[in-house]
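Peer 1: Starting off with a structure, shown below.
Numbering (this note's numbering), first residue to last: 84 to 131.
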């Protein structure tokens with residue numbers, strides 16, 4: 084299974100933002116797309 088941090092350009096900080104937004108696998112990221120994942124993580128970050 085490929086981890087989020089195995090993807091090019093995605094480090095530990097980005098992985099944590101995605102995990103906080105409920106994107107916990109490469110499969111989910113591919114399904115919803117990078118733009119939607121970014122929007123989700125932005126909403127979650129704004130709620131803190």
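Note that CB positions come from ideal geometry on N, CA and C, so glycine has one too.
(1) Using a Cβ-Cβ cut-off of 8 angstroms (strictly less than) and excluding sequence neighbours within five positions of residue 89, which residues of its own chain qualify?
(2) For residue 124 versus residue 101, is the C-beta distance shorter than 9 angstroms?
(3) Excluding sequence positions up to five away, which residues of its chain have a Cβ less than 8 angstroms from the Cβ of residue 103?
(4) Going by CA-CA distance only, name the one from 111, 116, 118, 115 that's closest to residue 84.
(5) Mark residue 122 as exposed unless 16 or more other C-beta atoms lie within 10 angstroms of its C-beta, in which case mark it buried.
Peer 2: According to the structure shown:
(1) Cβ neighbours of residue 89 within its own chain (closer than 8 angstroms, five residues either side excluded): 109.
(2) Yes, they are a contact pair.
(3) Counting only Cβ-Cβ distances below 8 angstroms, and skipping sequence neighbours, we find 124, 127, 128.
(4) The residue with the shortest Cα to Cα distance from residue 84 is 111.
(5) By the 16-neighbour rule on beta-carbons within 10 angstroms, residue 122 is exposed.
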